[in-house]
Amino acid sequence: MTRKFDYDYNYDPEGTSEVKQDPYADDYVADEHPNHEDRPLNNAPQPPKDWNRERSRTRSPTPPKQTEPSPEYLSISLQPSTPVTDSKSQRKLLILDLNGTLVLRSPHTRKNAYQLQGASRPLRAVHRRPYLLTFVDYLLDPRTREWLDTMVWSSAQPHSVDDMVNHSFEGRKGELVAIWARDTLGLNQAAYSACFLRSTVEGILTFSEDRKTQTTKDLAKPWKALSHLNHSAKSTLLLDDSPLKAHLQPWNHLCIKEYVSEIRKHDLKVKEGESVQELQDRLHEEDSSSTKRKRSEKKVKQLAERIAKATADAVGDDGKPLEYDQTLLAIVGVLDAVKHEDNIAGWMRSGGLVDVDGAYGRSRSETPGPSRKRGRPSDEVVPPPLPDSDALSSPPRPPPSSLPPPLSDVEQLEEETGIPLEDKSPPPHSLWFEHPDAFQYWVKRGRTALDELGIEVYHGISG
C-alpha cells in the first residue's frame, strides 16, 4: 500500500489517518478553527463595574504625617507656669531613653564566620553612665513616686531594650509604669530594621545599626496609652540625648549630652586617679618587702609608672582635677524644680532651664524659673510655630565691633531656652547643659535633693 505522505506524525498502520503536517516542520501551519471562541487568558470573574467607585468611598485616605507642633500644643506652651504648693496634687511623667542617655552600648562585634545561619548575635556590653544607680534610687524612692511616674521609651529593638533595662534598673523594672521599644515608633519594616553594610579588614561584610535613621517620639502616644495616669504637655519630661527626637513637643524635651565612648574614657581616667592612694599603699608594701628582691623591684617600677600616669590623667588642661560626668545629678535637680510647676512646657519655653540668675541665693522652696526681667512670649498662637523675636527680650549685647552674625528667630529662642528646635546643629553654647552656671546650679540642687532623701551619691563606674 502506497503511503499518502512521507512521514505521518501520528502513524496509522491501516493508512486511515488524515494527513497531518509534522508540527516541527518549517512549513507547518496550524489548523484554523472558525468556530473557536476567543477567551481572555484570565478567566477569573471580573469585579462589578462600580467596584472601584465603592472602594474609593470606603477607603479612608492616609493622613499627612505631622511635622510641626500642633496649635493646641503651642497654646499650652505659651501658658505661664505657676508654682504648685503640694507636688502630689499634679503628678509628673518622666520618659527615659536608654542608649546614650542612661547607658553606653559597646559597638557591634564582627560576625563570626562559623556562626550558625539565623542565630542571633550576642548582646553588646552595656556601661552605666556615672551616678545611674543613684539616679534610679531617686526615681523609685517611695517619696519620689508619690509625685512622679517613670517609664522607658527607647528606639532600640525589644531584646536590646530588655538587656539595657536590666543593667539600668537591676531587678526594679517592675516599678516602671511602662517599657516601650522600637516597635512603638510607627516605623515601616525598612526603617524598623534599618542597617548598613560595613566591610571589615578581612573583607567580610557585617551588619550594623544605622544610627542615621531619624525617629520621632510623639508624646501624644504615651499620653493616650496611659490615659488613666492623666498626663499631658503640662506634666511630662522626655529625657533623651537626640536633639530632634521630640520635635512635635519640643518644650517637653530635656535634651542632654550623649554619653559616648570618649566621655566613658574620661570617667575611667577619673576612677584611675581615685585609686592613686591605693596604688601608693601597694607601692610602699612592695618597696619594704625584702623577699624576692628582683621581682619586687620590677613591681615597684610598674606601680610607680602607673601612679604617675593616673595622677597626670586625673588633671584637666586647666590644672583642675577631672570630675565624673554629672549629667544625671543635674537631672535630679531639674526634677526637684519641676515638681513644683503646674506647666512643664510653659516653664521650659520661658527659659526655666537656663535662667537661674540669683538662684543660688533663693531657698529651694522657690522654684528657679523665668527672671522677672524676661518678658513672656505673646499669648497669641500664630504660624510659624515659634514666636516673633520681638516677643522675647534679648540679653545685653557686646559692642557693635564684636557682634557675632545675627541669630535667626529660632536660634534666638534656642539661645534663651537651651532647647534644640531645628533640624541642624544648634548654635554653640545654646543648649542648657552648655551654660556652665546653669549646669552647675542643677548639679548642686540635685545633690541637695539627694541628701535630703538620704540617698548616697555614688558614681558606680566600673571597668
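To convert, note that position 151 of the sequence shown is 154 in the working numbering; the numbers rise steadily by one, no gaps. Ideal Cβ placement from N, Cα and C applies to all residues, glycine included. Predicted model only: the values in this text are computed from it and were never measured.
Rounded to whole angstroms, Pro145 and Ser264 show a C-alpha spacing of 34 Å.
Pairing Thr85 with Ile79, the inter-Cα distance amounts to about 13 Å.
By the Cβ neighbour-count rule, Asp328 is buried, with 16 or more other Cβ atoms within 10 Å of its own. Nearest to Ile182 by C-alpha distance, out of Glu173, Pro161, His170 and Gly174, is Pro161. Around the beta carbon of His462, 16 or more other beta carbons sit within 10 angstroms, so the residue counts as buried.
Annotation for Ala236: no alpha helix (DSSP H) segment contains it, and DSSP assigns it neither H nor E. If you look at Leu81, you'll find it isn't in any beta strand (DSSP E); DSSP assigns it neither H nor E.
For Leu97, the enclosing beta strand (DSSP E) covers residues Lys95 to Leu99. Counting only the Cα atoms, Asp360 lies some 41 Å from Ala128. Counting along the chain, the unbroken alpha helix (DSSP H) around Leu338 starts and ends at Thr330 to Val341. Judged by DSSP in its simplified three-state form, Val460 adopts coil rather than helix or strand.
Here the alpha carbons of Lys68 and Ile334 stand approximately 32 Å from one another. Looking from the CA of Asp339, the closest CA among Pro83, Val87 and Ser73 belongs to Val87.
DSSP places Ile259 outside both helix and strand once states are collapsed to three, so it counts as coil. In this structure, Val164 sits away from Leu179, with a CB-CB distance that is not shorter than 8 Å. Contact between Pro246 and Pro423 holds: their C-beta atoms lie close to 4 Å from each other, under 8 Å. With contacts defined as CB atoms closer than 8 Å, His438 and Gly449 fail to qualify as a contacting pair. Between Leu99 and Leu242 a beta carbon distance of about 5 Å is seen, short of the 8 Å cut, so the two are scored as contacting. The C-beta distance from Ala348 to Asn255 rounds to 5 Å, short enough to fall under 8 Å. Taking 8 Å as the cut-off, the beta carbon of Leu325 is found no closer than this to the beta carbon of Tyr134. Comparing alpha-carbon positions, the option among Leu251, Gly336 and Asn102 lying closest to Leu77 turns out to be Leu251. Looking at the DSSP output, Asn102 bridges to Val106.
Boundaries of the beta strand (DSSP E) around His130: Val129 to Arg131.
Judged by their CB atoms, Gly103 and Asp221 are not nearer to each other than the 8 Å cut-off. Residue environment analysis places Glu149 among the exposed positions, since fewer than 16 neighbouring C-beta atoms fall within 10 angstroms of its C-beta. In the structure shown, Thr187 falls within a helical segment according to DSSP collapsed to helix, strand and coil. Around the CB of Ser92, fewer than 16 other CB atoms lie within 10 Å, so the residue is classed as exposed.
Contact between Trp350 and Val341 holds, with the beta-carbon distance rounding to 7 Å and staying under 8 Å. The Cβ neighbour count for Glu173, taken over all protein chains shown within 10 Å, is under 16; the residue is labelled exposed. Taking a 10 Å sphere around the C-beta of Ser109, we find fewer than 16 other C-beta atoms and assign the residue as exposed. Cα atoms of Arg132 and Lys272: separation of roughly 14 Å, rounded to the nearest angstrom. A distance below 8 Å separates the beta carbons of Ile458 and Asp140. Per DSSP, the unbroken alpha helix (DSSP H) holding Val168 starts and ends at Pro161 to Phe172.
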